[in-house]
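Report on the structure given below.
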Amino acid sequence: MLDEKKIPLIQVENMKKYYPVKGGIITHTTGYVKAVDGVSFSVMRGQTLGLVGESGCGKSTIGRQLVGLEMPTEGRIYYNGCDLAELQKNKKEMQRIRTKLQMVFQDPYSSLNPRKHIYEILAQPMLYHHISEKSTVEKDILKILDMVGLPKTVLGRYPHEFSGGQRQRIGIAKALSLNPEFIVCDEPVSALDVSIQAQILNLLKELQKELGLTLLFVGHGLGAVNYVSDRIAVMYLGKIVEFGEAKEIFNHPVHPYTKALLEAVPVPDPKEKERGRRLLQGEIGSSMNPPSGCRFHPRCPYAEEKCRKEIPTLYDTMQTKRKLTQTEAKLQAAGLKGDSCHMAACPVVISDRKEDDHG
Ligand SMILES: Nc1ncnc2c1ncn2[C@@H]1O[C@H](COP(=O)(O)OP(=O)(O)OP(=O)(O)O)[C@@H](O)[C@H]1O
Ligand code: SF4
Ligand SMILES: [Mg+2]
2 MLDEKKIPLI QVENMKKYYP VKGGIITHTT GYVKAVDGVS FSVMRGQTLG
52 LVGESGCGKS TIGRQLVGLE MPTEGRIYYN GCDLAELQKN KKEMQRIRTK
102 LQMVFQDPYS SLNPRKHIYE ILAQPMLYHH ISEKSTVEKD ILKILDMVGL
152 PKTVLGRYPH EFSGGQRQRI GIAKALSLNP EFIVCDEPVS ALDVSIQAQI
202 LNLLKELQKE LGLTLLFVGH GLGAVNYVSD RIAVMYLGKI VEFGEAKEIF
252 NHPVHPYTKA LLEAVPVPDP KEKERGRRLL QGEIGSSMNP PSGCRFHPRC
302 PYAEEKCRKE IPTLYDTMQT KRKLTQTEAK LQAAGLKGDS CHMAACPVVI
352 SDRKEDDHG
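Just so you know, my numbering puts 78 at position 77 of the sequence shown, and the rest follows in order with no gaps.
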């Protein structure tokens, strides 16, 4: 019998998303923003994949493609083994699938209709998608509100009457109301007070465990992403530069960009603060005209001549210098190969690594 846990719920193959840039007097396409430029990864059922990287590297764009809000320019997305592009052809089937794929936004206010009170916001989609009956919808809503830590009294209130943290709980309740299997959490705590951030992160972790949800957790910083994720994908300018088990990435980062992101994680120990951190210099660069070769080379302290020419692919960091075949990379990204999974797109640093660097 097939072990469901070993089958990725979401599988992405060579996804690209290019947005046309218009210009001129007679509006015509003058170029493309290559927001996502060939990424492959999987999210295992019941797990959280963290997606981390600086502003503009393409995280939200990936999220929108995964929940079917946009279609990729190239590549395939499989949900439960079914090609989303094929499913789109059947409107009714796609409508059903869309309820299974939900999104929680950084600013929940933008996804909550300010003219409707919370009961209406939650009840209408539940009734429309036949998740609930008229006679049971209020009971079902109260159950969801209880799960996200909100009292019954919120039902008659409007979105503007809540604090940021409470509004995010409503955003999570809205996503949960459609009985999803997969939720993209797009920087759900970035706009919140530090004291509230931990509460929302813990809530997401609890809900995932309780409901067996599969999550893509998008964040800027490795600290929060590491806290909630089983695996982490590090993105730089439309590409994944490092991928693997969260504890591997956090404790043994390989790619110079991941190392720089880790340097930016706040540390409570004042002695550590004095260590003289090397924070990332310069700007992320343009997705319209990305740097040649390794896109990180203009900011990389280890850059060599070949970095300007050769586009690095993912290497297995456990087996020094060995480049993965496409099939191996896919199997490893899906967690179906080897005990541990860790890949990085930097041949220079990997080939400098000694065996005892690891572990
Ligand atoms: N609809 C669109 N049309 C044109 N360009 C877009 C569109 N959506 C995103 N982009 C561009 O694609 C790139 C990636 O954007 P995206 O929002 O995915 O980044 P992000 O990693 O989520 O950033 P942030 O952390 O700031 O949310 C950016 O250069 C952005 O300007
Ligand atoms: S390939 Fe070269 S430029 Fe890119 S991260 Fe590695 S050392 Fe730096
Ligand atoms: Mg974003």
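Backbone N, C-alpha and C fix where the C-beta goes; we use that ideal spot for every residue, glycine too. Nothing here was measured: the structure is a model prediction, and the numbers come from that model.
Just to confirm, are residue i and residue j a CB contact at a threshold of 8 Å?
i: Q12; j: S61; result: no
i: G69; j: L102; result: yes
i: P313; j: C301; result: no
i: L315; j: A304; result: no
i: T49; j: P181; result: no
i: G57; j: G220; result: no
i: E94; j: L85; result: no
i: L214; j: I171; result: no
i: M236; j: G54; result: yes
i: L146; j: C186; result: no
i: Q91; j: L10; result: Looking at the sequence provided, one finds Asn at residue 91 rather than Gln. No, these two residues do not count as a Cβ contact at 8 Å.
i: L143; j: I119; result: no
i: V37; j: G59; result: yes
i: F297; j: P257; result: yes
Quick check on residue i: buried or exposed, where buried means 16 or more other Cβ atoms within 10 Å of its Cβ?
i: N227; result: buried
i: T154; result: exposed
i: A199; result: exposed
i: V22; result: exposed
i: G336; result: buried
i: E115; result: Reading the sequence as shown, one finds Pro at residue 115 and not Glu. Answer is exposed; the Cβ neighbour count stays below 16.
i: M72; result: exposed
i: E356; result: Reliability fails at E356, whose pLDDT of 49 lies under 50, so the model's placement of it is uncertain and the value that follows must be treated cautiously. Exposed: under 16 other Cβ atoms inside 10 Å.
i: C83; result: exposed
i: Y129; result: exposed
i: T328; result: exposed
i: S293; result: exposed
i: T30; result: exposed
i: T137; result: exposed
Taking 8 Å as the CB-CB cut-off, is residue i touching chain D?
i: L70; result: This model lacks chain D altogether; it includes just one protein chain.
Leaving out the 5 sequence neighbours to the left and right, which residues in its chain are closer than 7 Å to residue i when beta-carbon positions are compared?
i: V266; result: G222, L223, G224
i: P126; result: S178, L179
i: T318; result: V255, H343, M344, A345, I351
At what residues does the beta strand (DSSP E) containing residue i begin and finish?
i: N15; result: 9 to 24
i: I184; result: 183 to 187
Can you list, in chain order, the residues of its chain with a C-beta nearer than 6 Å to that of residue i? Leave out the 5 residues immediately preceding and following it.
i: V195; result: none
i: A234; result: F42, L52, I241, F244
Taking residue i as part of the alpha helix (DSSP H), name the residues at either end of that continuous run.
i: A345; result: Segment 343 to 345 is the beta strand (DSSP E) holding A345; no alpha helix (DSSP H) there.
i: S352; result: 348 to 353
i: E311; result: Element bounds for E311: n/a, residue is neither H nor E.
i: E284; result: Here E284 belongs to no alpha helix (DSSP H), and DSSP marks it neither H nor E.
Which residues in the same chain as residue i place their Cβ atom closer than 8 Å to its Cβ, once the five residues preceding and following it in sequence are excluded?
i: H359; result: Because the pLDDT of H359 is 48, which lies under 50, any placement of that residue in the model is unreliable, and the number read from its coordinates should be weighed accordingly. Taken in chain order, the residues that qualify are H253, T318, M319.
task: Go through the segment 234 to 267 residue by residue and report every complete run of the alpha helix (DSSP H) that reaches 4 residues or more, in order.
output: 247 to 252, 257 to 264
field: Runs of alpha helix (DSSP H) wholly within the segment 97 to 181 (minimum 4 residues, chain order)
entry: 119 to 129, 138 to 148, 165 to 177
query: Which runs of the beta strand (DSSP E) spanning at least 3 residues fall entirely within the segment 201 to 226, listed in chain order?
result: 215 to 220
Inside the segment 24 to 89 only - alpha helix (DSSP H) runs reaching at least 4 residues: 60 to 67, 85 to 89
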